[in-house]
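Residue numbers (our numbering), protein chains in the order written: chain A, 1 to 205; chain B, 1001 to 1205.
There are 2 protein chains.
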Amino acid sequence: MDSMTAKTRKAGNSRGRPGHDRAAVVRTAVEAFNEVGYEAMSMNALAGRLGLSKSAIYHHISSKEEILQEATDRALETLQSVVEQCESCGGSSREKLEKMIRGTTLALCEETPYVTLLLRLRGNSEVELAALERRRKFTEYLMELVKKAQAEGQVRPDLDAHTVARLIFGMVNSLTEWYQPGGRLSPRELAQITVELSFHGINML
Amino acid sequence: MDSMTAKTRKAGNSRGRPGHDRAAVVRTAVEAFNEVGYEAMSMNALAGRLGLSKSAIYHHISSKEEILQEATDRALETLQSVVEQCESCGGSSREKLEKMIRGTTLALCEETPYVTLLLRLRGNSEVELAALERRRKFTEYLMELVKKAQAEGQVRPDLDAHTVARLIFGMVNSLTEWYQPGGRLSPRELAQITVELSFHGINML
Chain A
1 MDSMTAKTRK AGNSRGRPGH DRAAVVRTAV EAFNEVGYEA MSMNALAGRL
51 GLSKSAIYHH ISSKEEILQE ATDRALETLQ SVVEQCESCG GSSREKLEKM
101 IRGTTLALCE ETPYVTLLLR LRGNSEVELA ALERRRKFTE YLMELVKKAQ
151 AEGQVRPDLD AHTVARLIFG MVNSLTEWYQ PGGRLSPREL AQITVELSFH
201 GINML
Chain B
1001 MDSMTAKTRK AGNSRGRPGH DRAAVVRTAV EAFNEVGYEA MSMNALAGRL
1051 GLSKSAIYHH ISSKEEILQE ATDRALETLQ SVVEQCESCG GSSREKLEKM
1101 IRGTTLALCE ETPYVTLLLR LRGNSEVELA ALERRRKFTE YLMELVKKAQ
1151 AEGQVRPDLD AHTVARLIFG MVNSLTEWYQ PGGRLSPREL AQITVELSFH
1201 GINML
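Right, here's the structure in full:
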């Protein structure tokens, strides 16, 4: 990393600009992918956004695909840690389900650009297909939790478990489309609403 | 239309191929946009998918943007007709809300490719921005319905109306990611689940 930083400093455009470490380049790239589309975003356009020369960017990253890989890994690891917290809590399936809904909502608020990129993948490359395969396992985990909670008598058995799991994730994932950091509601308040809506709905109690 | 059809028949590649009317070209184009991304899809690639020459395609449509305009108009008109049905039913805000959730779920199942394209717009052009502006009005309509139903005492007042509306649309809109025509559950059964989940949640009743 030190030699890369030294090299970057030599590139005229980036001299003295703050925040142009590798993480900042990746984050800006991910935000740009989300804005105009991964396929449509060129390394030239990315360089323009960062106010860096293309060669300065190549000190940090070797390709668009490397950014994609790193960003989706980060999103998937965040989601994996939510699953691990659910599994280690030792509660009922219903309790795990609640932790999963709350935890994924918080994860989406905290890691919005990375999860957004993950959710918009279409499987156009090996990297995308591998990420989609890992993502599919989270949906399957949620489906299994709903089924188990139904079997344990704590969740309505009349609603199809697979559909319910997809709809709950649809609700949570929609945060990537409209969540604004620093908005009127905090991530904790939003997580409380996703949990309430999932378990009790909006009908007058 | 007759002269266009005649012209198309003259193009070698399309001779005798069935289903290559304008509607089929638009639908295939929309599915291709959804699959690989609007920006990434070229007219050449579209011609390849349809087994038509590029000039044969230009008998039907003048540009990618014309397809985008037509497809988003179609999706928006479908959604507008759901709103009109809600408004003409003369029921309470809660009843309108239920009709809106059921109606948009059915609309998404029936018009999946067109609504999917609408939901994936990023505002990269005037056509996209205009469509996003019209789309925003549906979310505002849903937000107003939730607020009114809260004021009428039929929907819980403790959940933020704007967030609830976004989450409900997030749930319904997720169908564009996973709904398969001819799948295990019919559009009507799926619509019943979105309504039940929205109003009562998954908790054991």
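Glycine included, every Cβ here is placed at the ideal spot set by N, Cα and C.
Along the chain, where does the alpha helix (DSSP H) that runs through residue i open and close?
{"i": "B:R957", "result": "Residue numbering for chain B in the displayed model covers 1001 to 1205; residue 957 of chain B lies beyond these limits and cannot be assessed."}
{"i": "B:Y1114", "result": "1112-1120"}
{"i": "A:R219", "result": "In the structure as shown, chain A starts at 1 and stops at 205, and residue 219 of chain A therefore has no counterpart that could be examined."}
{"i": "B:D1073", "result": "1064-1088"}
{"i": "A:S55", "result": "54-60"}
{"i": "A:A40", "result": "A:A40 -> no alpha helix (DSSP H), and no H or E assigned at all."}
Can you list the residues of chain A that residue i reaches, using a CB-CB cut of under 8 Å?
{"i": "B:V1155", "result": "I202, N203, M204"}
{"i": "B:T1163", "result": "L185, L190, I193"}
Bridge partners for residue i per DSSP, in chain order?
{"i": "B:N1203", "result": "A:V155"}
Are the C-beta of residue i and some C-beta of chain B separated by less than 7 Å?
{"i": "A:F138", "result": "no"}
{"i": "A:L170", "result": "The sequence shown places Gly at residue 170 of chain A, rather than the Leu named in the question. For A:G170, the answer is yes, since a Cβ of chain B falls inside 7 Å of its Cβ."}
{"i": "A:F199", "result": "yes"}
{"i": "A:L68", "result": "no"}
{"i": "A:S174", "result": "yes"}
{"i": "A:G16", "result": "In this predicted model, A:G16 has a pLDDT of only 37, less than 50, meaning its place in the structure is not dependable; the value taken from the coordinates is given anyway. Chain B contact via Cβ: absent."}
Looking at chain A, is there any beta carbon in it that lies within less than 7 Å of the beta carbon of residue i?
{"i": "B:L1159", "result": "yes"}
{"i": "B:L1167", "result": "yes"}
{"i": "B:T1008", "result": "Unreliable placement is indicated for B:T1008, whose pLDDT of 38 sits below 50; the coordinate value is still reported in the next sentence. Chain A, which has no Cβ nearer than 7 Å to the Cβ of B:T1008, makes this no."}
{"i": "B:G1012", "result": "Annotation note: pLDDT 37 at B:G1012 (below 50); position unreliable, no value reported."}
{"i": "B:A1151", "result": "no"}
{"i": "B:M1004", "result": "For B:M1004, the predicted model reports a pLDDT of 40, less than 50, meaning its position is unreliable and no value from the coordinates is stated."}
Using a C-beta to C-beta distance shorter than 8 Å, which residues of chain B count as neighbours of residue i?
{"i": "A:E39", "result": "V1036, G1037, E1039, A1040"}
For residue i, go through chain B and note every residue whose CB falls closer than 7 Å to its CB, in chain order.
{"i": "A:N124", "result": "V1036"}
By the criterion of Cβ-Cβ separation under 7 Å, what are the contact partners of residue i in chain A?
{"i": "B:E1196", "result": "L159"}
Can a CB atom of chain E be found closer than 7 Å to the CB of residue i?
{"i": "B:S1062", "result": "The question asks about chain E, but that chain is absent: this structure's protein chains are A and B."}
Could you tell me if the beta carbon of residue i falls within a distance shorter than 6 Å of some heavy atom in the ligand MG?
{"i": "B:Q1192", "result": "For the ligand MG, the structure offers nothing, since it holds no ligand at all."}
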